[in-house]
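Here the UniProt record's numbering is used: the first residue of the sequence shown is 1, the next is one more, and so on.
Below: one structure, written as structure tokens.
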Amino acid sequence: MALAPLNELGLAGITLSIVFLTIIWYKRTSNIPQKTEPRLPPGPRGLPILGFLPFLRPNLHHQLTELSQQYGPIYKFWLGSKLCIVLNSPSLAKEVVRDQDSVYANRDSSIAGLLATYGGLDIAFSPYGSYWRDIRKLFVSEMLSNRNLEACYSLRKQEVRKTIRKVHTKIGYPIDIGELAFVTEMNVVMSMIFGSNFVEEKEKHAKDGAEFRELVIKFTQMLAKPNISDFFPMLARFDLQGIQKEMEALLKSVENILDPAINECMKMLSDKRKDEIQGNDKKDFMQILLELMEQKNIGKSVDLVQIKAILLDIVIGGTDTTITMVEWVMAELLNNPVVMTKVQKELKDVIGMNNTVEESHLPKLHYLDAVVKETLRLHPALPLLFPKRPSQSAIVGGYTIPEGTKVLLNVYAIHRDPQIWENPLKFQPVRFLSHSTNLDYAGNNMKYLPFGSGRRVCAGLPLAEKMLMFILASLLHSFDWKLPEGENVDLSDGFGLVVKKSKRLFAIPTPRLPNLELYQ
Numbered sequence: 001m002a003l004a005p006l007n008e009l010g011l012a013g014i015t016l017s018i019v020f021l022t023i024i025w026y027k028r029t030s031n032i033p034q035k036t037e038p039r040l041p042p043g044p045r046g047l048p049i050l051g052f053l054p055f056l057r058p059n060l061h062h063q064l065t066e067l068s069q070q071y072g073p074i075y076k077f078w079l080g081s082k083l084c085i086v087l088n089s090p091s092l093a094k095e096v097v098r099d100q101d102s103v104y105a106n107r108d109s110s111i112a113g114l115l116a117t118y119g120g121l122d123i124a125f126s127p128y129g130s131y132w133r134d135i136r137k138l139f140v141s142e143m144l145s146n147r148n149l150e151a152c153y154s155l156r157k158q159e160v161r162k163t164i165r166k167v168h169t170k171i172g173y174p175i176d177i178g179e180l181a182f183v184t185e186m187n188v189v190m191s192m193i194f195g196s197n198f199v200e201e202k203e204k205h206a207k208d209g210a211e212f213r214e215l216v217i218k219f220t221q222m223l224a225k226p227n228i229s230d231f232f233p234m235l236a237r238f239d240l241q242g243i244q245k246e247m248e249a250l251l252k253s254v255e256n257i258l259d260p261a262i263n264e265c266m267k268m269l270s271d272k273r274k275d276e277i278q279g280n281d282k283k284d285f286m287q288i289l290l291e292l293m294e295q296k297n298i299g300k301s302v303d304l305v306q307i308k309a310i311l312l313d314i315v316i317g318g319t320d321t322t323i324t325m326v327e328w329v330m331a332e333l334l335n336n337p338v339v340m341t342k343v344q345k346e347l348k349d350v351i352g353m354n355n356t357v358e359e360s361h362l363p364k365l366h367y368l369d370a371v372v373k374e375t376l377r378l379h380p381a382l383p384l385l386f387p388k389r390p391s392q393s394a395i396v397g398g399y400t401i402p403e404g405t406k407v408l409l410n411v412y413a414i415h416r417d418p419q420i421w422e423n424p425l426k427f428q429p430v431r432f433l434s435h436s437t438n439l440d441y442a443g444n445n446m447k448y449l450p451f452g453s454g455r456r457v458c459a460g461l462p463l464a465e466k467m468l469m470f471i472l473a474s475l476l477h478s479f480d481w482k483l484p485e486g487e488n489v490d491l492s493d494g495f496g497l498v499v500k501k502s503k504r505l506f507a508i509p510t511p512r513l514p515n516l517e518l519y520q
């Protein structure tokens with residue numbers, strides 16, 4: 001769960017100080033012999049019971065980076081009864097995601113996150129163990145295999161081409177880049193899950209499609225909403241803020257849309273078209289999962305609840321990060337027109353002005369790839385990644401990290417550290433063009449970790465990278481872009497489950513390609 005400032009928690013935390021102050025004081029001043037305290041990292045002092053909660057600011061990743069300059073690369077603070085330790089250097093990151101990866105393989109899940117994943121039955125929040133290994137292997141080897149991604153290319157191309165046609169009808173008018181990317185990516189993901197018929201049916205009923213998009217937005221907002229029960233587990237049963245009740249209702253609304261689609265897929269597999277589907281290389285994700293549900297092999301068989309958890313992982317994880325990064329890349333390019341010119345020159349050279357973008361072009365777009373990587377360096381979608389929780393007490397940086405601690409890896413601080421990066425605050429894609437570096441998305445270099453590293457690196461990375469490049473290349477090759485009159489690029493951000501721009505980006509398109517048929 002994303003941490004958040006006290007003003008979002010209301011008065012619940014302050015009320016706790018009245019209720020529990022006497023109890024805590026008694027325990028600390030009693031004559032019961034105390035165990036020797038472990039050597040914990042330094043850190044800012046907080047208030048009794050509340051800890052550092054009252055001092056958290058809205059943009060947490062900025063604040064934690066500032067604290068690292070005061071307390072060093074590793075420090076601690078308490079959020080209620082929860083001990084948090086923040087790591088801010090590549091060497092410390094290596095100790096956690098490489099040297100002791102198995103100890104830190106669990107995620108520190110929030111109550112809302114567990115509810116959203118049916119108790120951690122998904123890939124993102126499932127506890128580390130045999131179930132997680134099996135479900136991740138299923139996702140990577142079956143659903144995101146090269147063969148299946150290639151077979152589903154026509155679905156992705158179809159949705160991207162729809163977007164280009166839509167933009168062409170808005171020539172000369174400001175377009176909300178984030179909303180454009182959202183609709184495109186959501187349609188791609190849903191068509192890959194349920195097939196193109198599902199998207200086409202939703203587009204016929206625009207109200208249903210808009211409702212589902214709104215539910216996804218609310219879902220991500222709820223996952224980022226601060227919950228006093230996460231900081232004081234003894235209060236979880238009371239659901240003081242109503243977050244558990246709200247998440248359960250939201251999940252029910254999502255299921256009301258997903259369940260009919262799942263039932264339709266199950267019916268399709270059981271009728272006379274089953275043989276036709278099994279003989280077709282192009283299988284949507286739902287078909288793969290339902291066929292696995294019918295299997296009895298341990299490690300491959302899944303049930304309907306697990307299928308729903310995986311689908312929500314794909315829908316939420318497969319859309320929010322990609323659409324956020326499309327908006328950030330476009331913002332940086334509009335703020336750096338020389339870089340945009342270089343990107344479009346590369347597109348012209350590789351693709352040609354009489355052709356549209358194909359996925360086969362993407363590996364040749366080295367400069368655009370560098371632009372995307374530089375954007376992820378400055379604006380990582382998950383600046384603190386997912387919080388980790390050690391399964392046992394461990395030593396990092398010479399300090400004790402007790403079992404159950406919330407461990408935050410501050411990628412934002414690492415990516416902007418002047419001791420690691422030259423001119424770290426400048427947008428310089430050229431730094432990613434050197435063949436001597438291993439600055440990839442897999443987390444092989446500890447100074448660049450936009451998607452994490454180790455065994456819990458982002459499982460959907462192959463699809464996310466492909467879609468981000470495909471959407472950007474198509475928009476930039478098909479159109480020139482400029483800001484509305486009198487507007488400047490705002491690069492400020494706001495903390496949440498995924499860090500987005502504070503101000504939505506609007507840009508005006510102009511056709512680049514000479515042949516109007518390329519926009520049809």
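Ideal placement from N, C-alpha and C gives every residue a C-beta, glycine not left out.
Beta-carbon proximity of residue i to residue j, cut-off 8 Å
i	j	result
P462	L144	yes
A381	T321	yes
A309	L67	no
L87	N410	yes
A112	N256	no
L439	H366	no
T341	V189	no
M293	I307	yes
A105	R456	yes
L215	V254	yes
residue 554	F194	Nothing can be reported for residue 554, as the shown portion of the chain is limited to 1 through 520.
Limits of the alpha helix (DSSP H) - the one that residue i falls within
i	result
C265	243–270
A116	111–116
T184	177–194
D134	130–138
G236	For clarity, residue 236 is Ala in the given sequence; the question names Gly instead. Neither: A236 is in no alpha helix (DSSP H) and is coded neither H nor E.
L151	What sits at residue 151 in the sequence shown is Ala, not Leu. Where A151 is concerned, the enclosing alpha helix (DSSP H) stretches over 146–151.
Q287	285–293
D101	Taken as a continuous stretch (DSSP letters only), D101 belongs to no alpha helix (DSSP H), as it is neither H nor E.
F231	228–231
Cross-strand partners of residue i (DSSP beta bridge)
i	result
G494	K500
Y173	According to DSSP, Y173 bridges with nothing at all.
D480	T510
R107	K388
V86	Y75, L408
G51	L47, L79
Exposed unless 16 or more other CB atoms sit within 10 angstroms - verdict on residue i
i	result
E95	buried
F238	exposed
T169	exposed
R107	buried
I18	Reliability of the predicted coordinates at I18 is poor, the pLDDT of 43 falling under 50, and the value obtained from them is presented with this limitation in mind. Exposed: under 16 other Cβ atoms inside 10 Å.
S89	buried
V430	exposed
T163	buried
T437	exposed
Y173	exposed
L242	It is worth fixing the name first, because residue 242 is Gly in this sequence and not Leu. It is exposed - the Cβ of G242 has fewer than 16 other Cβ atoms within 10 Å.
A181	buried
E403	exposed
R389	buried
N187	buried
S502	exposed
T510	exposed
I217	exposed
I32	Note that I32 has pLDDT 49, beneath the 50 cutoff, so the model's placement of it is unreliable and the number below is only indicative. Label assigned to I32: exposed.
K348	exposed
D99	exposed
K252	exposed
M234	exposed
M469	buried
E185	buried
N488	exposed
Opening and closing residue of the beta strand (DSSP E) in which residue i lies
i	result
A394	394–396
I508	506–511
I74	74–79
4 or more residues per run - each alpha helix (DSSP H) lying fully within the stretch 322–404 = 337–351, 366–378
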